[in-house]
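Have a look at the structure below, then the notes.
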Amino acid sequence: MASLAVPKPPARTRRSLGGGVGPIGLGVASLWLSLIVLLPLAAVFTKSLDGGLGAFWDAISAPSARYALLLTTAISALVALINVVTGTLIAWVLVRDDFRGKSLVNAVIDLPFALPTIVASIVLLSLYGPRSPVGIHLYATKPAVILALAFVTLPFVVRSVQPVLLEVDREAEQAAASLGASGWTTFRRIILPALYPALLGGAGLAFARAIGEFGSVVLIGGGIPRDTEVASQYIAKQIETDRPASAAAVSVTLLLISFVVLFAIRRFTKRKDVG
Numbered sequence: 001m002a003s004l005a006v007p008k009p010p011a012r013t014r015r016s017l018g019g020g021v022g023p024i025g026l027g028v029a030s031l032w033l034s035l036i037v038l039l040p041l042a043a044v045f046t047k048s049l050d051g052g053l054g055a056f057w058d059a060i061s062a063p064s065a066r067y068a069l070l071l072t073t074a075i076s077a078l079v080a081l082i083n084v085v086t087g088t089l090i091a092w093v094l095v096r097d098d099f100r101g102k103s104l105v106n107a108v109i110d111l112p113f114a115l116p117t118i119v120a121s122i123v124l125l126s127l128y129g130p131r132s133p134v135g136i137h138l139y140a141t142k143p144a145v146i147l148a149l150a151f152v153t154l155p156f157v158v159r160s161v162q163p164v165l166l167e168v169d170r171e172a173e174q175a176a177a178s179l180g181a182s183g184w185t186t187f188r189r190i191i192l193p194a195l196y197p198a199l200l201g202g203a204g205l206a207f208a209r210a211i212g213e214f215g216s217v218v219l220i221g222g223g224i225p226r227d228t229e230v231a232s233q234y235i236a237k238q239i240e241t242d243r244p245a246s247a248a249a250v251s252v253t254l255l256l257i258s259f260v261v262l263f264a265i266r267r268f269t270k271r272k273d274v275g
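Quick note on UniProt numbering: the sequence shown kicks off at 1 and runs consecutively.
Printed below as a string of structure tokens:
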């Protein structure tokens with residue numbers, strides 16, 4: 001019996017089968033992206049170059065600005081690394097263990113998304129400030145800044161890793177265990193490779209959030225120049241002292257750092273997927 005050949009749809013029809021929204025949808029999306037993202041970024045870039053490249057360089061190389069940028073980048077990278085470890089552990093517990101209050105823990109993890117960051121700073125100041133009820137005094141110290149940034153960035157890694165853990169092949173883990181592989185070996189050789197893209201993506205988002213954070217550190221961090229003042233606090237001071245071009249220059253530098261990190265992570269993740 002001869003098989004019936006199903007004719008292929010025309011090229012134009014095949015393209016439309018992909019669920020595209022068409023030129024109108026593309027135009028609306030581009031317009032909204034321009035209004036919300038591109039135009040504000042263009043305005044910041046333009047303002048940062050009001051005095052030319054020389055003034056831009058002077059603004060970001062000033063001792064206080066340079067220290068704030070270096071401190072912010074270093075602490076943001078450290079916080080991202082901390083969240084990779086703790087976020088993966090929390091995601092593992094939520095996926096692999098059953099315990100009372102699991103739904104409550106899930107809700108608490110999302111709390112930094114909904115809680116105003118200034119409230120987080122007030123809470124941290126109440127707990128670890130000069131009148132700490134627990135006897136831990138971190139006010140105006142670098143550990144206080146790390147703690148504040150770790151709080152607001154925790155959900156990024158947890159929520160990136162959690163769905164991937166749900167999809168990991170449990171049969172491969174069981175096979176490895178039956179062959180005598182230790183728990184660490186199974187995690188390193190089977191589970192971790194599957195988590196790499198999610199871990200890198202979550203770490204990149206945590207870094208990008210931390211590098212521009214203001215509210216959670218404004219009280220507990222103290223904002224001491226060349227000590228605990230992060231870049232966002234430095235920018236706010238430049239605006240308060242009527243130096244908008246300097247503030248814009250430091251803002252652009254933060255944007256470029258975040259873009260480079262996120263772009264590098266995306267390229268590395270794509271290369272790993274291809275490989």
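The C-beta atom is built at its ideal place from N, Cα and C for all residues, glycine as well. Every value quoted in this text rests on a predicted model; they were computed, and no experiment measured them.
Taking the alpha helix (DSSP H) that aspartate 242 falls in, what are its first and last residues?
-> The residue labelled residue 242 in the question sits at position 242 within the sequence shown. From DSSP, aspartate 242 is part of no alpha helix (DSSP H); its letter is neither H nor E.
Is the distance from the Cβ of alanine 144 to the Cβ of serine 216 below 8 Å?
-> What you label residue 144 is simply residue 144 of the sequence shown in a count that begins at 1. What you label residue 216 is simply residue 216 of the sequence shown in a count that begins at 1. The answer is no: Cβ separation not under 8 Å.
Per-residue burial, serine 160 [other beta carbons within 10 Å of its own, 16 or more giving buried] = On the sequence shown, position 160 is the one that residue 160 refers to. Classification for serine 160: buried.
Take the Cβ of threonine 72 as the centre, count every other Cβ of all protein chains shown within 10 Å, and call the residue buried at 16 or more, exposed below.
-> Stepping through the sequence shown from its first residue, residue 72 is reached at position 72. Buried, by the Cβ-count rule.
By the 10 Å Cβ neighbour count, where 16 or more other Cβ atoms means buried, how is alanine 206 classified, buried or exposed?
-> Here the question's residue 206 lines up with position 206 in the sequence shown. Buried: at least 16 other Cβ atoms inside 10 Å.
Just checking, does the segment 233 to 248 make contact with the segment 191 to 199 on the three C-beta pairs under 8 Å criterion?
-> no
Same chain only: Cβ atoms within 8 Å of leucine 125, ignoring 5 sequence neighbours per side | Along the sequence shown, read from residue 1 onward, the residue named residue 125 stands at position 125. Result list for leucine 125: Tyr139, Leu219, Ile220, in chain order.
Which same chain residues, not among the five before or five after valine 28, have their C-beta less than 6 Å away from its C-beta?
-> Working through the sequence shown from its first residue, we reach residue 28 at position 28. Correct list: empty, nothing qualifies.
How many Å lie between alanine 208 and alanine 107 at the Cα?
-> By one-based count along the sequence shown, residue 208 stands at place 208. By one-based count along the sequence shown, residue 107 stands at place 107. Approximately 23 Å between the Cα atoms of the pair.
Close Cβ partners of alanine 59 (< 6 Å) along its chain, the five nearest in sequence each way excluded = As a first step, residue 59 must be located in the sequence shown, where it is residue number 59. Scanning its chain for C-beta atoms nearer than 6 Å, with the 5 sequence neighbours on each side dropped, one finds around alanine 59 the residues Ser246, Ala249, in chain order.
In chain order, which alpha helix (DSSP H) runs of at least 4 residues are fully inside the segment 170 to 238?
-> 170 to 178, 183 to 186, 192 to 211
With leucine 38 as the anchor, note down where its alpha helix (DSSP H) starts and where it stops.
-> Looking up residue 38 in the sequence shown gives position 38. Looking at the DSSP string, leucine 38 is not in any alpha helix (DSSP H), and its letter there is neither H nor E.
Could you tell me which of Gly204, Val123, Trp184 sits nearest to asparagine 83, measuring between CA atoms?
-> Translated into the one-based positions of the sequence shown, residue 83 becomes position 83. It is Gly204 whose Cα lies nearest to the Cα of asparagine 83.
Endpoints, alpha helix (DSSP H) assigned at glycine 52 | Residue 52 sits at position 52 when you count from the first residue of the sequence shown. First-last of the alpha helix (DSSP H) with glycine 52: 52 to 61.
Nearest CA to the CA of proline 155: which residue from Leu41, Thr186, Leu53, Gly202?
-> By 1-based counting over the sequence shown, the position of residue 155 is 155. With distances taken between Cα atoms, proline 155 lies closest to Gly202.
Consult DSSP for threonine 46 and reduce its assignment to one of helix, strand or coil.
-> By one-based count along the sequence shown, residue 46 stands at place 46. Reduced to three states, the DSSP call for threonine 46 is helix.
According to the Cβ coordinates, are alanine 231 and leucine 69 closer than 8 Å?
-> Residue numbering aside, residue 231 sits at position 231 when the sequence shown is read from its first letter. Residue numbering aside, residue 69 sits at position 69 when the sequence shown is read from its first letter. Yes, these two residues count as a Cβ contact at 8 Å.
With DSSP run on the structure shown, which of helix, strand or coil describes serine 251?
-> Here residue 251 refers to the residue found at position 251 of the sequence shown. In the structure shown, serine 251 sits in a helix (DSSP, three-state: H, G or I).
Is alanine 11 helix, strand or coil when you go by DSSP?
-> In the sequence shown, residue 11 corresponds to position 11, counting from 1. Reliability of the predicted coordinates at alanine 11 is poor, the pLDDT of 49 falling under 50, and the value obtained from them is presented with this limitation in mind. Alanine 11 falls in the helix class under three-state DSSP.
Endpoints, the alpha helix (DSSP H) within which arginine 159 is located = Mapped onto the sequence shown, residue 159 falls at position 159. Unbroken alpha helix (DSSP H) run through arginine 159: 142 to 167.
Euclidean distance between Cα positions of leucine 53 and leucine 35 | The count along the sequence shown starts at 1 and reaches residue 53 at position 53. The count along the sequence shown starts at 1 and reaches residue 35 at position 35. The straight-line gap from Cα to Cα measures roughly 26 Å.
Cα-Cα separation, threonine 269 to threonine 241 | Walking along the sequence shown from the start, residue 269 turns up at place 269. Walking along the sequence shown from the start, residue 241 turns up at place 241. Near 42 Å, if we compare the C-alpha coordinates of threonine 241 and threonine 269.
Closest residue to isoleucine 146 among Val260, Pro63, Ile75, Ser251 (Cα-Cα distance) | Locating residue 146 in the sequence shown gives position 146, where the first residue counts as 1. If we check each option's Cα against that of isoleucine 146, Ile75 comes out closest.
By Cβ distance, which residues of its chain are closer than 7 Å to alanine 65, with the 5 residues on each side in sequence left out?
-> Position 65 of the sequence shown, counting from 1, holds the residue named residue 65. Cβ neighbours of alanine 65 beyond the five flanking positions: Ala59, Tyr234, Val250.
Secondary structure at leucine 115, three-state DSSP: helix, strand or coil?
-> For the purposes of this step, residue 115 is taken as the residue at position 115 of the sequence shown. Here leucine 115 sits in coil by DSSP.
Indicate the three-state DSSP secondary structure (helix, strand or coil) for proline 133 in the structure shown.
-> Along the sequence shown, read from residue 1 onward, the residue named residue 133 stands at position 133. Coil.
Do the CB positions of glycine 212 and valine 158 come within less than 8 Å of each other?
-> By one-based count along the sequence shown, residue 212 stands at place 212. By one-based count along the sequence shown, residue 158 stands at place 158. It is not a contact, given that the beta carbons lie outside the stated cut-off.
Can you grab the Cα-Cα spacing for the pair isoleucine 136 / isoleucine 122, in whole Å?
-> Residue 136 sits at position 136 when you count from the first residue of the sequence shown. Residue 122 sits at position 122 when you count from the first residue of the sequence shown. So the two alpha carbons sit approximately 15 Å from each other.
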